[in-house]
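*Asks:* In our numbering, the protein residues as written are 15 to 171. All C-beta atoms, glycine included, are put in the ideal place defined by N, C-alpha and C. First the structure, then my questions, so here it is.
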């Protein structure tokens, strides 16, 4: 199922020039691949495939791509994000510019959503481990629960 979700994300990305869709939606769909992977194989396996630091780097890389397109248009003598100068034909320049900016948005949203997912998974894992530790401590003999283990009929103090 994962390859089909990835293919759908690419469709959403490249169809965004002509209809609903684009970088934001495609980034969320790509991030959902790692949610699915984590549900099937576990969060540790998902973190081996896409480490959380890489997800965070993707979020930053997308911003760099977006800004890079804007600075490239300025270097070519136009205003920031004026895509007309990216090709000889202004219509082609608009198409290339939007495609590159949407790619930057995709990478940023993918990285941000994957990072948020990993943060939630880590928080849930910590909470589950903490709760499990409390249960084990409470069940241990002599635990501080307000009563003492029986030592020959003595009443608790």
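Whole angstroms is fine: what's the gap from residue 124's alpha carbon to residue 92's?
*Replies:* Here residue 124 refers to the residue found at position 110 of the chain shown. Here residue 92 refers to the residue found at position 78 of the chain shown. Approximately 30 Å, taken between the alpha carbons.
*Asks:* Taking only three categories from DSSP, how would you classify residue 102?
*Replies:* The residue given as residue 102 occupies position 88 in the chain shown. It is coil, neither helix nor strand.
*Asks:* Look at the alpha carbon of residue 43 and the alpha carbon of residue 89, and state the distance between them as a whole number of angstroms.
*Replies:* Locating residue 43 in the chain shown gives position 29, counting from the first residue. Locating residue 89 in the chain shown gives position 75, counting from the first residue. So the two alpha carbons sit approximately 34 Å from each other.
*Asks:* For residue 26, which residues from the same chain have a beta carbon less than 8 Å from its beta carbon, with the 5 sequence-adjacent residues on both sides left out?
*Replies:* Along the chain shown, one-based indexing puts residue 26 at 12. Correct list, in chain order: 35, 36, 39, 40 and 43.
*Asks:* Go ahead and pull the three-state DSSP assignment for residue 230.
*Replies:* What is shown of the chain runs 15 to 171, which leaves residue 230 out entirely.
*Asks:* Rounded to whole angstroms, what's the CA-CA distance from residue 100 to residue 84? Just pull it up for me.
*Replies:* By 1-based counting over the chain shown, the position of residue 100 is 86. By 1-based counting over the chain shown, the position of residue 84 is 70. Between residue 100 and residue 84, the C-alpha separation is close to 10 Å.
*Asks:* Identify which residue in 118, 23 and 28 has its Cα closest to the Cα of residue 9.
*Replies:* What is shown of the chain runs 15 to 171, which leaves residue 9 out entirely.
*Asks:* Using C-beta distances below 7 Å, list every residue in its chain close to residue 49, excluding the 5 sequence neighbours before and after it, in chain order.
*Replies:* The residue labelled residue 49 in the question sits at position 35 within the chain shown. Closer than 7 Å at Cβ, skipping near neighbours: 131.
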